[in-house]
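Take a look at the structure set out below.
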Amino acid sequence: MSTPVLAADGGEFQPPGVGSFDFPPIVAGITKPMVLLVLSIIIVGVFFWAALRKSSLVPGKMQFAAESTYDFVRNSIGRDMIGGKDLRPYLPLLVTVFTFILVNNVFGFVPFLQLPTMSNPGVPYGIALIVWLVYNGAGFARHGAVGYLKHQTWPPGVPGWIRPLVTPLEFISNILVRPLTLSLRLFANMFAGHLVLLVFILGGEYLLLHGGVLGMVAGPLALILSIVLMFFELVIQFLQAYIFTMLTASYIGGAVAEEH
191 MSTPVLAADG GEFQPPGVGS FDFPPIVAGI TKPMVLLVLS IIIVGVFFWA
241 ALRKSSLVPG KMQFAAESTY DFVRNSIGRD MIGGKDLRPY LPLLVTVFTF
291 ILVNNVFGFV PFLQLPTMSN PGVPYGIALI VWLVYNGAGF ARHGAVGYLK
341 HQTWPPGVPG WIRPLVTPLE FISNILVRPL TLSLRLFANM FAGHLVLLVF
391 ILGGEYLLLH GGVLGMVAGP LALILSIVLM FFELVIQFLQ AYIFTMLTAS
441 YIGGAVAEEH
């Protein structure tokens, strides 16, 4: 997390902005978000390996946590969006997407890290690209090239005279725009939430140190509000991981469905 910036002409507080998310390379072009991405992969992989390598009928705490995560994604997301018959091949992807995004979001609260990796737009774009390839690949495999394009761009029940207008819109919406909207929703929420936290924390610190008598009241109040916002942001971080995974399952389910 950055520190308050004082303007050279009067020591005024400069609120954090987009520049607060620019991180210079640590070494050899490696930046902090890159390190956190690798760390999140290790955390997720080690967690499931350690929890399930010696699974037992009566689960321990780690096995229970891993199985609960798996059951949550399968029962609360996968079955509703894809259905039991087609779910199994895509369940590992859904569990990985959910846990990977959640861990990277929670990094925003970890001391000395304090950065939700999804606030860097390149990360959700990359995940959305993988999802795009998977659900379109699943659709082509299930329906064939012509059948899948018709499935995605030729909604049933639409009068023939309006299809020339609807079909291009369906193609843009279902084939081209989905990865952008999927990634932008996650990025925007993580970026905005962390930026608001920075404003309250750094602003409260500045008021406490430089705000005089009024700052002695407003500064602690801002810091207290930042703690409340942290808990609210934690809920948002979980919801964003859930929504991204749910939409991923929804796109896969729509691609492999026999009918719209």
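Numbering (our numbering), first residue to last: 191 to 450.
Virtual Cβ for every residue (Gly too), placed ideally from N, Cα, C.
Helix, strand or coil: which one does DSSP assign to V407? Your numbering for residue 407 matches position 217 in the sequence shown. Here V407 sits in helix by DSSP.
Three or more C-beta pairs under 8 Å: does that hold for the segment 318–332 against the segment 369–376? Output reads yes: the segment 369–376 touches the segment 318–332.
Only counting the same chain, and skipping five residues up and downstream in sequence, which positions put a Cβ closer than 8 Å to that of L292? Taking the first residue of the sequence shown as position 1, residue 292 is located at position 102. Within the same chain, and ignoring the five residues on either side of L292 in sequence, the residues whose Cβ sits closer than 8 Å to its Cβ are Q427, F428 and A431.
Starting from the Cα of R375, find the closest Cα among Y280, Y315 and L283 and give me that residue. Start at 1 with the first residue of the sequence shown, and residue 375 comes out as number 185. R375 has its Cα closest to that of Y315, out of Y280, Y315 and L283.
My guess is that T307 and T259 are in contact by the Cβ rule of under 8 Å, so how many angstroms apart are they, rounded? Along the sequence shown, read from residue 1 onward, the residue named residue 307 stands at position 117. Along the sequence shown, read from residue 1 onward, the residue named residue 259 stands at position 69. Cβ atoms of T307 and T259 stay farther apart than 8 Å, at about 19 Å.
Apart from the five residues just before and just after F361, which ones in its own chain have a Cβ nearer than 6 Å to its Cβ? Residue 361 sits at position 171 when you count from the first residue of the sequence shown. Answer for F361: T343, listed in chain order.
Rounded Cβ spacing between L226 and L284 (contact assumed at less than 8 Å): As a working mapping, residue 226 is identified with position 36 in the sequence shown. As a working mapping, residue 284 is identified with position 94 in the sequence shown. With a beta-carbon spacing of about 22 Å, L226 and L284 fall beyond the 8 Å limit used to define contacts.
What number of angstroms, rounded off, separates the C-alpha of P358 from the C-alpha of S245? Here residue 358 is taken as the residue at index 168 of the sequence shown, counted from 1. Here residue 245 is taken as the residue at index 55 of the sequence shown, counted from 1. If you take the alpha carbons of P358 and S245, they lie about 51 Å apart.
Please report the Cβ distance between L419 and V386, rounded to the nearest whole angstrom; I am assuming they are in contact, meaning their Cβ atoms lie under 8 Å. Here residue 419 corresponds to residue number 229 of the sequence shown, with the count starting at 1. Here residue 386 corresponds to residue number 196 of the sequence shown, with the count starting at 1. About 6 Å separates the beta carbon of L419 from that of V386, a gap short enough to meet the 8 Å contact definition.
Using alpha carbons as the reference points, say which of M380, A318 and D212 lies closest to T438. Counting from one through the sequence shown, the residue named residue 438 turns up at place 248. Taking each of M380, A318 and D212 in turn and checking the Cα distance to T438, the smallest one comes out for A318.
Would DSSP call F434 helix, strand or coil? Within the sequence shown, the letter at position 244 stands for residue 434. Three-state DSSP puts F434 in a helix.
Rounded straight-line distance, which links the Cα of G402 to that of V208: Residue numbering aside, residue 208 sits at position 18 when the sequence shown is read from its first letter. Residue numbering aside, residue 402 sits at position 212 when the sequence shown is read from its first letter. Approximately 29 Å, taken between the alpha carbons.
Any idea if A382 is buried or exposed, counting beta-carbon neighbours within 10 angstroms, 16 or more meaning buried? Translated into positions along the sequence shown, residue 382 becomes position 192. Classification for A382: exposed.
Here's the rule I'm using: 16 or more other beta-carbon atoms within 10 Å means buried, otherwise exposed. How should P223 be labelled? Translated into the one-based positions of the sequence shown, residue 223 becomes position 33. P223 should be labelled buried.
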